[in-house]
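Everything on this sheet refers to the single structure shown next.
Residue numbers (our numbering): 344 to 833.
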């Protein structure tokens, strides 16, 4: 056969590369557009890996300015903004459209539309409700542009990336191993974000459980557990080489130390991914068992039918200015609005009011709203953790296995209880009572000190984490965490 199966999918991987930097009028910089845009994507990729949240449009302008300086090129503010906007959006920046092209599909023997973006909104770090700017992150298409330079594409799977990293560690190629670990971290982050979005989708509309099969495919719960177990064993094999490099020269030893620190971080993120997947599987089961009627109750209320046709077109408006108030939020030409335009459209599905039913048989919609963090509960639970840090200098997650059923239920009452511990594991933090930002760990520390003044003695101390040398692990129901220990670094 002249055209092999999979041609369309291969073309989808190549189109973002082919279209990068095209369609911009940059004057003398036109021949450099491709390189500049790729360097911009690479810089945002590195910031995303290192949890640097400075990824707004203004940050991209600053990065592009530095790229031009490093390349000994000159461009005024208008040209630089044109480069950034031309990488963020297709054609008119005010419309914020996705990039669009047509690709031949061997299955249908015709051209089909294909849309993609190089950047997407980072929901977790875009604090719009506090007046913050939109933070961007790489799409999977952009990440593949980074990976393809090493001929490691996502279609080959996470396990191959792990074994590739393991071979690099065995041969002492620490530089390449660090790059491979960065790719592992990026992969896991993509999967974690996918699970977060999937959870939001099924909470908003449980029917997505049947319609969205792109998250984990059709694998059973046991198959997923086995996969996570195998991946954890590979991480263990990689980390087992750590003690074998004590005899290395100091320069090599320092390089290996940094590499293994990044590997610990990758494994911690992998634990977080496993937990989120198990939580979503449990949520799916809970919805199926407790609220089966949610699958056949389809929304009968929409903006187009109920607001536009049945109200505005039918009854008209008292004042023509009211029309602008209804339409302008949906088609605002302003770039810095609260929600992107495509989100505004996707959120127009409104759930219909349900008929009165018996209390035991009612699907309470409030159950599916995102609840506020219970800080009083967090303070109650973590007072013991921080007192142990103060008195003994460290606290192990394995100590929670000794809790009775009542205390265990408190720890499992909200996801933030375990999330805080994993945040302490993933990255080090210096305890600061004067901190006023968004770091939940430091917000918790401030509240703890308000309750127990003795804990102020930890002010200025640095908390780090390590994995204990034991085969034991922390397991509560579907929650599985490696034996991490947080400790005070003097």
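Every residue, glycine too, gets a C-beta built ideally from N, C-alpha and C.
Where residue i sits in the DSSP three-state scheme
i: residue 701; result: Here residue 701 scores only 39 on pLDDT, less than 50, and its place in the model should not be relied on; the value that follows carries that caveat. Reduced to three states, the DSSP call for residue 701 is coil.
i: residue 588; result: helix
i: residue 775; result: coil
i: residue 508; result: helix
i: residue 755; result: coil
i: residue 653; result: helix
i: residue 766; result: helix
i: residue 469; result: coil
i: residue 583; result: coil
i: residue 488; result: helix
i: residue 746; result: coil
i: residue 660; result: coil
i: residue 346; result: coil
i: residue 691; result: Per-residue confidence for residue 691 stands at a pLDDT of 43, beneath the threshold of 50, marking its modelled position as unreliable; the derived number appears in the next sentence. Of the three classes helix, strand and coil, the one that applies to residue 691 here is coil, per DSSP.
i: residue 814; result: coil
i: residue 452; result: coil
i: residue 428; result: helix
i: residue 573; result: helix
i: residue 719; result: helix
i: residue 726; result: helix
i: residue 566; result: helix
i: residue 731; result: helix
i: residue 833; result: coil
i: residue 802; result: coil
Member of the options whose CA lies at the smallest distance from the CA of residue i
i: residue 802; options: 809, 816, 784, 817; result: 784
i: residue 774; options: 752, 729, 818, 439; result: 729
i: residue 604; options: 535, 760, 718, 520; result: 520
i: residue 467; options: 391, 410, 425; result: 391
i: residue 742; options: 829, 388, 666, 806; result: 829
i: residue 475; options: 546, 513, 397; result: 397
i: residue 403; options: 394, 420, 383, 395; result: 383
i: residue 441; options: 424, 447, 460, 429; result: 460
i: residue 527; options: 361, 602, 548; result: 602
i: residue 811; options: 599, 346, 583; result: 583
i: residue 823; options: 656, 626, 666, 617; result: 617
i: residue 771; options: 778, 804, 613; result: 804
i: residue 346; options: 451, 539, 758; result: 451
i: residue 371; options: 356, 816, 423, 349; result: 423
i: residue 407; options: 393, 427, 395, 421; result: 427
i: residue 588; options: 806, 478, 600, 807; result: 600
i: residue 720; options: 739, 615, 757; result: 757
i: residue 367; options: 832, 434, 623; result: 434
i: residue 752; options: 516, 626, 668, 819; result: 819
i: residue 484; options: 515, 419, 546, 381; result: 381
i: residue 531; options: 613, 591, 456; result: 613
i: residue 733; options: 464, 746, 487, 788; result: 788
i: residue 447; options: 727, 608, 348; result: 348
i: residue 807; options: 776, 487, 768; result: 768
i: residue 797; options: 413, 727, 669; result: 727
Endpoints, beta strand (DSSP E) assigned at residue i
i: residue 808; result: 805-810
Residues bridged to residue i [DSSP beta-bridge criterion]
i: residue 463; result: 480
i: residue 444; result: 457
i: residue 739; result: 828
i: residue 433; result: 440
Segment limits, alpha helix (DSSP H) that includes residue i
i: residue 523; result: 517-547
i: residue 664; result: 664-670
i: residue 615; result: 593-633
i: residue 360; result: 350-362
i: residue 786; result: 783-794
is_contact[residue i, chain B] using C-beta, thresh 8 Å
i: residue 601; result: In summary, chain B is missing from the structure at hand, where a single protein chain is found.
Residue i Cβ short of 7 Å to the ligand MN heavy atom set
i: residue 474; result: No copy of the ligand MN occurs in the structure displayed, which carries no ligand at all.
- Message: Which complete beta strand (DSSP E) runs does the segment 369-416 hold, if anything under 3 residues is left out?
- Response: With a minimum length of 3 residues, no continuous beta strand (DSSP E) run stays inside the segment 369-416.
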